[in-house]
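In the numbering used here, the protein residues as written are 189 to 770.
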């Protein structure tokens, strides 16, 4: 006798019984103008499940895929028709939640280079029919000019203190930007191209979505935010552990980690390599063969899998990430190479893709030293901070328009963090281990090992980067085209909602710090060589929030060291000795 299916128990849920759906393509109301309605609906996650309540764009999960063209403006109106009360537990002790309406939304197009009023600022939220609006709300219709290379982006809710709940409820969808390079490259397309949204979820026995209403330790607040949520099932394009029947030919997959907290390391069960053609920001300079790719929340990768020599095989897409892994969440979906080839595979993997336009450290005007630290809030709950400041503290990151900056994330916590910066795409320069204890006690940054270059799967343009625990992660970016109010934050959604998010103010008509090579007798190539000299065994840097690399230093106050916190007191913590709870 077979075991009854219990949605709350993944061991009873059969895998690979639902076919992978492809998200529907959004249809414009008129030329390049879309309206997507955020609404409550019902969705079947598994063929043996009852219907579950979700929130979706047009009532769909995932939301409709918007297809856009480079340099052709797309207009989108995201209409809020959601209920006045949330079906998931709202923590009213968080800022912006305690004195605002219970259900608020605003949509952020993740990875887009847009004017700040169309960026989905977390304080630009609005309620049903715009009855209430946040302090940064300015327009109902988002304008996406698409002045950037072709890439895989995604739109998702970004409302202050509610992002974790709204995204988990289903408010997420793909935005695929295409350009002439993509058209000329003859990549797999049409029926042979799939956007793949991977999320983890848990369910009650009745099939409804489960999300915890308290952390795994006692607190005085109920409902209360938890330090991080991971589900016990894997959902791909809205289905639990689906399968896809494929032909023995090349397919293109645009993978997106849309989870709240869980990371994935994707690889194929038959050991076959994958061909990576793009990252968060678009195409690589040339395709590269990889065995696996790590994706933290919000990261994307563009992959070609060639099934030409796999006829008759069942190939499982595995998750070999070791955090929170079990026999169920280490499996993503299955490819079944059982469909006869319908015609000659004329798609190609070109030798070269995008023209390389790298940024170089000698171009940078400013280097910012930005610590990631842990503390506790007034209720004794763990809270992660950026630059030892809470969200509402005054803006400290104020890049000048058309300036190049280097940001160094100094991760003094025992946890990884996927750091996302709005507006820009950046390149990863290096990661380097440092003495965390010395840094916390004396504010001295002492490196304990050599710099590590970016991993093989993250050498392209990025908007989200893994900041490893106990390391300094250094990135470089160019602030151009738009000024105004933007964000940088951890993309673990529970961290983001609980103050691991800070504002950015991009300022125009302000002179950046003089570039170092402007007063140097060295040629740029010589300077770059100096910048990449092998490091000494130990290097000490006195901590400061902004390291000026030119001669015209601005009067910016130094970083508050861990021994000199603002609000609240910054300290390293490990709640209940359970590091994975973050």
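We treat Cβ as the ideally placed atom computed from N, Cα and C, and that holds for glycine.
Practice prompt. Using alpha carbons as the reference points, say which of 573, 580, 473 and 595 lies closest to residue 546.
Written response: Working through the chain shown from its first residue, we reach residue 546 at position 358. Among 573, 580, 473 and 595, the Cα nearest to that of residue 546 belongs to 473.
Item to complete: Would you kindly check if the distance between the Cβ of residue 463 and the Cβ of residue 477 is under 7 Å?
Response: Taking the first residue of the chain shown as position 1, residue 477 is located at position 289. Taking the first residue of the chain shown as position 1, residue 463 is located at position 275. Taking 7 Å as the Cβ cut-off, residue 477 and residue 463 qualify as a contacting pair.
Worksheet entry | Endpoints, the alpha helix (DSSP H) within which residue 629 is located | On the chain shown, residue 629 is found 441 positions in, with the first residue counted as 1. Run containing residue 629: 624 to 630, per the alpha helix (DSSP H) assignment.
Discussion item. Buried or exposed, going by whether 16 or more other CB atoms sit within 10 Å of the CB of residue 365?
Written reply: The sequence position of residue 365 within the chain shown is 177, counting from 1. By the neighbour-count rule (16 or more Cβ atoms within 10 Å), residue 365 is buried.
Worksheet item: Cβ of residue 346 within 7 Å of Cβ of residue 310?
Response: Here the question's residue 346 lines up with position 158 in the chain shown. Here the question's residue 310 lines up with position 122 in the chain shown. Against a cut-off of 7 Å, the Cβ pair of residue 310 and residue 346 comes out as a contact.
Discussion item. Can you find the residues in the same chain that come closer than 6 Å, C-beta to C-beta, to residue 408, ignoring five residues on each side of it along the sequence?
Written reply: Stepping through the chain shown from its first residue, residue 408 is reached at position 220. Only 567 meet the Cβ criterion.
Fill in: Host alpha helix (DSSP H) of residue 354 (start-end)
Within the chain shown, residue 354 is the residue found at index 166, counting from 1. Unbroken alpha helix (DSSP H) run through residue 354: 351 to 357.
Worksheet item: Starting from residue 442 and walking both ways along the alpha helix (DSSP H), at which residues does that stretch end?
Response: Walking along the chain shown from the start, residue 442 turns up at place 254. Note, residue 442: premise wrong, no alpha helix (DSSP H); beta strand (DSSP E) at 438 to 445.
Worksheet item: Can you give the beta carbon distance from residue 469 to residue 649, rounded, assuming they're within the 8 Å contact cut?
Response: Taking the chain shown and counting its residues from 1, the one referred to as residue 469 is at position 281. Taking the chain shown and counting its residues from 1, the one referred to as residue 649 is at position 461. Correct: roughly 3 Å between the Cβ atoms.
Worksheet item: Around the Cβ of residue 442, are there at least 16 other Cβ atoms within 10 angstroms (buried) or fewer (exposed)?
Response: Position 254 of the chain shown, counted from the first residue, corresponds to residue 442. Buried, by the Cβ-count rule.
Worksheet entry | For residue 559, the nearest candidate out of 265, 450, 389 and 632 (CA to CA) | As a working mapping, residue 559 is identified with position 371 in the chain shown. Of the candidates 265, 450, 389 and 632, the one whose C-alpha sits nearest the C-alpha of residue 559 is 632.
Worksheet item: Which one of 425, 688 and 280 has the shortest CA to CA distance from residue 581?
Response: Here the question's residue 581 lines up with position 393 in the chain shown. Residue 581 has its Cα closest to that of 688, out of 425, 688 and 280.
Item to complete: Quick one: which unbroken alpha helix (DSSP H) runs of 4-plus residues sit fully inside the stretch 365 to 392? Chain order, please.
Response: The qualifying runs are 368 to 372.
Worksheet item: Going by alpha carbons, who is nearest to residue 289 out of 241, 314, 630 and 195?
Response: Translated into positions along the chain shown, residue 289 becomes position 101. Nearest option by C-alpha distance: 314.
Worksheet item: Just reading off the alpha helix (DSSP H) that residue 681 is part of, what are its end residues?
Response: Locating residue 681 in the chain shown gives position 493, where the first residue counts as 1. Counting along the chain, the alpha helix (DSSP H) containing residue 681 begins and ends at 681 to 685.
Worksheet item: Got a sec? Which residues, its chain only, sit under 8 Å from residue 320 by beta carbon, not counting five neighbours each side?
Response: The residue labelled residue 320 in the question sits at position 132 within the chain shown. Result list for residue 320: 288, 289, 292 and 314, in chain order.
Practice prompt. Please look up how many angstroms separate the CB atoms of residue 487 and residue 453, rounded, as I've assumed it's under 8 Å.
Written response: Counting from one through the chain shown, the residue named residue 487 turns up at place 299. Counting from one through the chain shown, the residue named residue 453 turns up at place 265. The C-beta separation of residue 487 from residue 453 comes to about 11 Å, leaving the pair out of contact by the 8 Å criterion.
Item to complete: Could you tell me if residue 479 is buried or exposed, where buried requires 16 or more neighbouring beta carbons within 10 angstroms of its beta carbon?
Response: On the chain shown, residue 479 is found 291 positions in, with the first residue counted as 1. Exposed, because fewer than 16 other Cβ atoms sit within 10 Å of the Cβ of residue 479.
Discussion item. Beta-carbon within less than 6 Å of residue 428's beta-carbon, same chain only, minus the 5 sequence neighbours each way: which residues are those?
Written reply: Mapped onto the chain shown, residue 428 falls at position 240. So the qualifying residues of the chain are 233, 234 and 421.
Worksheet item: Going straight from the alpha carbon of residue 502 to that of residue 466, what length do you get?
Response: By one-based count along the chain shown, residue 502 stands at place 314. By one-based count along the chain shown, residue 466 stands at place 278. When rounded, the distance between both Cα atoms is 26 Å.
Worksheet item: In chain order, what residues of the same chain lie with their CB nearer than 6 Å to the CB of residue 238, ignoring the 5 residues before and after it?
Response: As a first step, residue 238 is located in the chain shown; it is residue number 50 there, counting from the start. Once the five neighbours on either side are set aside, the close Cβ partners of residue 238 are 395.
Worksheet entry | Three-state secondary structure assigned by DSSP to residue 657 | The residue given as residue 657 occupies position 469 in the chain shown. Reduced to three states, the DSSP call for residue 657 is coil.
Practice prompt. Identify every run of the beta strand (DSSP E) within the stretch 479 to 549, keeping only runs that are complete inside it and at least 3 residues long; order them along the chain.
Written response: 481 to 483, 488 to 494, 502 to 507 and 519 to 525
Worksheet item: So with Cβ pairs under 7 Å, would you call residue 668 a contact of chain C?
Response: Among the chains in the structure shown there is no chain C, since it carries only a single protein chain.
Worksheet item: Who pairs with residue 613 in a beta bridge, going by DSSP?
Response: Position 425 of the chain shown, counted from the start, is the residue given in the question as residue 613. DSSP lists no partner for residue 613.
Item to complete: Reducing DSSP to helix, strand and coil, say where residue 317 ends up.
Response: Mapped onto the chain shown, residue 317 falls at position 129. Looking at residue 317 - three-state DSSP - the assignment turns out to be helix.
Worksheet item: Taking residue 327 as the reference, which of 264, 385 and 536 has the closest Cα?
Response: To locate residue 327, count along the chain shown from 1; it is residue 139. Taking only the C-alpha atoms, the option nearest residue 327 is 264.
Discussion item. Do residue 530 and residue 367 have their beta-carbon atoms positioned less than 7 Å apart in this structure?
Written reply: For this step, residue 367 is matched to residue 179 along the chain shown. For this step, residue 530 is matched to residue 342 along the chain shown. Their beta carbons are not under 7 Å apart, which means residue 367 does not touch residue 530 by this criterion.
Worksheet entry | Option in 645, 249, 391 and 418 with minimal Cα separation from residue 404 | For the purposes of this step, residue 404 is taken as the residue at position 216 of the chain shown. Considering only alpha carbons, the answer is 418.
Practice prompt. Taking 7 Å as the cut-off, decide whether the C-beta atoms of residue 432 and residue 523 are in contact.
Written response: Looking up residue 432 in the chain shown gives position 244. Looking up residue 523 in the chain shown gives position 335. Against a cut-off of 7 Å, the Cβ pair of residue 523 and residue 432 comes out as a contact.
Fill in: Runs of beta strand (DSSP E) wholly within the stretch 216 to 278 (minimum 3 residues, chain order)
Within the stretch 216 to 278, the complete beta strand (DSSP E) runs of at least 3 residues are 221 to 231, 240 to 245, 251 to 257 and 262 to 268.
Worksheet item: Is the stretch 668 to 676 close to the stretch 620 to 638, with three or more CB pairs under 8 Å?
Response: no
Discussion item. Taking its Cβ as the centre, do 16 or more other Cβ atoms sit within 10 Å of residue 425, making it buried, or is it exposed?
Written reply: Residue numbering aside, residue 425 sits at position 237 when the chain shown is read from its first letter. Residue 425 is buried by the Cβ-count criterion.
Discussion item. Quick check: residue 655 and residue 607, are their CB atoms within less than 7 Å of each other?
Written reply: Here residue 655 refers to the residue found at position 467 when the chain shown is read from its first residue. Here residue 607 refers to the residue found at position 419 when the chain shown is read from its first residue. Contact flag set, yes.
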